[in-house]
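The working numbering numbers the first residue of the sequence shown as 166 and each following residue consecutively. We treat Cβ as the ideally placed atom computed from N, Cα and C, and that holds for glycine. A quick note: this is a predicted structure, and the numbers were derived from the prediction, not measured.
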Amino acid sequence: MAVLGRDEIINYLNGGNDDGLYSAADSLREENFGREVYLRAIVEFSNVCNKKCNYCGLRAANSKVSRYRMDVADIIESANLAAEAGARTIVLQSGDDFSYSPDRIEEIISGIKGAHDVAVTLSLGDRSAAEYEHWFKCGADRCLLKLETTNPDIYGKIRCGEDFHKRLELLRSLQDIGYEVGSGIIVGLPDYTVEQLVDDLLFLSDLGLDMIAAGPFIPHPDTPFSSAAAGDIDLSFRFTALARLLNPFSNIPATSALDSFDPEGREKGLQRGCNVIMPSVTPVSKRGNYNIYPGKNAVSVDVADSVSRAEELICALDFVVSASKGSSRRMNNVE
Ligand code: SAH
Ligand code: SF4
Numbered sequence: 166m167a168v169l170g171r172d173e174i175i176n177y178l179n180g181g182n183d184d185g186l187y188s189a190a191d192s193l194r195e196e197n198f199g200r201e202v203y204l205r206a207i208v209e210f211s212n213v214c215n216k217k218c219n220y221c222g223l224r225a226a227n228s229k230v231s232r233y234r235m236d237v238a239d240i241i242e243s244a245n246l247a248a249e250a251g252a253r254t255i256v257l258q259s260g261d262d263f264s265y266s267p268d269r270i271e272e273i274i275s276g277i278k279g280a281h282d283v284a285v286t287l288s289l290g291d292r293s294a295a296e297y298e299h300w301f302k303c304g305a306d307r308c309l310l311k312l313e314t315t316n317p318d319i320y321g322k323i324r325c326g327e328d329f330h331k332r333l334e335l336l337r338s339l340q341d342i343g344y345e346v347g348s349g350i351i352v353g354l355p356d357y358t359v360e361q362l363v364d365d366l367l368f369l370s371d372l373g374l375d376m377i378a379a380g381p382f383i384p385h386p387d388t389p390f391s392s393a394a395a396g397d398i399d400l401s402f403r404f405t406a407l408a409r410l411l412n413p414f415s416n417i418p419a420t421s422a423l424d425s426f427d428p429e430g431r432e433k434g435l436q437r438g439c440n441v442i443m444p445s446v447t448p449v450s451k452r453g454n455y456n457i458y459p460g461k462n463a464v465s466v467d468v469a470d471s472v473s474r475a476e477e478l479i480c481a482l483d484f485v486v487s488a489s490k491g492s493s494r495r496m497n498n499v500e
């Protein structure tokens, strides 16, 4: 593991040596992943949410969202189309929508895994550890649960009084259950400091994560943070590049939020240490309403087009779409 001191990290985050940072992150990615990029297809199957996160357009109090819930058959069909188009990982994501019972989620997992040799990632928010354990036994492989910040006070403020330690406890339970686990933060939340981002980086790196996701904050007009400043895209690139230096084998996505700032945001991410692309394969009739932040899913394309556009993006940079499921290399290679 690269050893980076706190002062050095602060200097990088402040833009002290972008060229050096990005080329070191790119070399390390190349060393560990070669030209392979993992493509994870996301089915955003419900935008109903019982939470009140101040940063997110899907928060329960936002009455301007046109809410949808996909049924089990449609979710499986979207996943299958993505798998047929070449995706080897299906990410199931939703608001914290508890109307999907453990049995229904099980049906979805079994339906997808029964039809295709793919990995299934769950990004369902604060469901119980017992539910996640059940879904692991049903064949789910991975979980994505972002801490959003690693500061308990900020966490309470941005997630309307919720308890950071409960989220962390759930994350650790997911690791104990045996999942490959991803987490991360939003870069540039209101009142962030560079010192806090250093804490976030070190905290996340200590967790031994299989995946680390960090994208810039984008203010949503129908949330309490509507007038907050947007995150800084350069800070976001620096954060993920540093995450690569501290976590050589973890999977690190170039998030779609990057594209809201720069049409080539994801491409730049892939050239600065990231090794994963996560196209949305949510059906055209629904995807525009998965409005976590403005600009999300702005392009209206069907499942196969969405996967092929991501493949084109990868190939245009002389990367190759990995034929593997892209399971965690961290587990096998580090420590
Ligand atoms: N309900 C689940 C998963 C869906 S939210 C959960 O909260 O865990 C998916 C991710 O969108 C969140 O983890 C958060 O990091 C990101 N997100 C939400 N609002 C955002 C915003 N305004 N800017 C940037 N990212 C945002
Ligand atoms: Fe709901 Fe997740 Fe958005 Fe919070 S971040 S409001 S839990 S969808």
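Glycine 222 has its CB nearer than 8 Å to a heavy atom of ligand 1.
Of the residues assessed, asparagine 416 falls on the buried side of the cut-off, its CB having 16 or more other CB atoms within 10 angstroms. If you draw a straight line from the Cα of aspartate 467 to the Cα of arginine 205, it is about 16 Å long.
Counted as a single uninterrupted DSSP element, the alpha helix (DSSP H) harbouring valine 237 occupies residues 237–249.
Relative to ligand 2, the nearest heavy atom lies less than 8 Å away from the CB of lysine 217. A contact is defined here as three or more CB-CB pairs under 8 Å, and the segment 378–385 meets this definition with respect to the segment 344–363.
Within its own chain, the residues whose Cβ lies closer than 8 Å to the Cβ of alanine 395, once the five positions on either side in sequence are excluded, are Gly353, Pro381, Phe382, Ile383, Pro384, Phe426, listed in chain order. For proline 381, there is no enclosing alpha helix (DSSP H); the enclosing beta strand (DSSP E) covers residues 376–381.
Taking non-hydrogen atoms of ligand 1 into account, the C-beta of glycine 260 is found less than 8 Å away from one of them. In the DSSP assignment, valine 346 falls within the unbroken beta strand (DSSP E) covering 345–352. Inclusion of arginine 253 and glycine 491 in the CB contact set at 9 Å is warranted, their separation being smaller than that value. Remark: the shortest separation between the CB of threonine 388 and any heavy atom of ligand 1 falls under 8 Å. In the displayed model, threonine 405 falls within a helix according to three-state DSSP. The beta-bridge partner set that DSSP reports for threonine 254 consists of Arg205, Ala284. With a threshold of 16 other beta carbon atoms within 10 Å, threonine 358 falls short and is exposed. Going by DSSP, cysteine 308 is part of the beta strand (DSSP E) stretching over 307–309. For phenylalanine 368, the three-state secondary structure derived from DSSP is helix.
Scanning Pro428, Gly181, Gly251 for the CA closest to the CA of alanine 469 turns up Gly251.
Asparagine 440 sits buried, since 16 or more C-beta atoms from the chains shown fall within 10 Å of its C-beta.
Residue Gln436 holds the alpha-carbon nearest to the alpha-carbon of alanine 190 among Gln436, Gln340, Met443. Judged by beta-carbon spacing, isoleucine 207 lies beyond the 9 Å limit of leucine 289, meaning their Cβ atoms are not closer than that value. At least one heavy atom of ligand 1 sits closer than 8 Å to the Cβ of leucine 289. Taking 8 Å as the cut-off, one finds no heavy atom of ligand 2 near enough to the beta carbon of isoleucine 273. Listed in chain order, the non-local C-beta contacts of tyrosine 187 below 6 Å within the same chain comprise Ala406, Arg437, local neighbours out to five positions each way being set aside.
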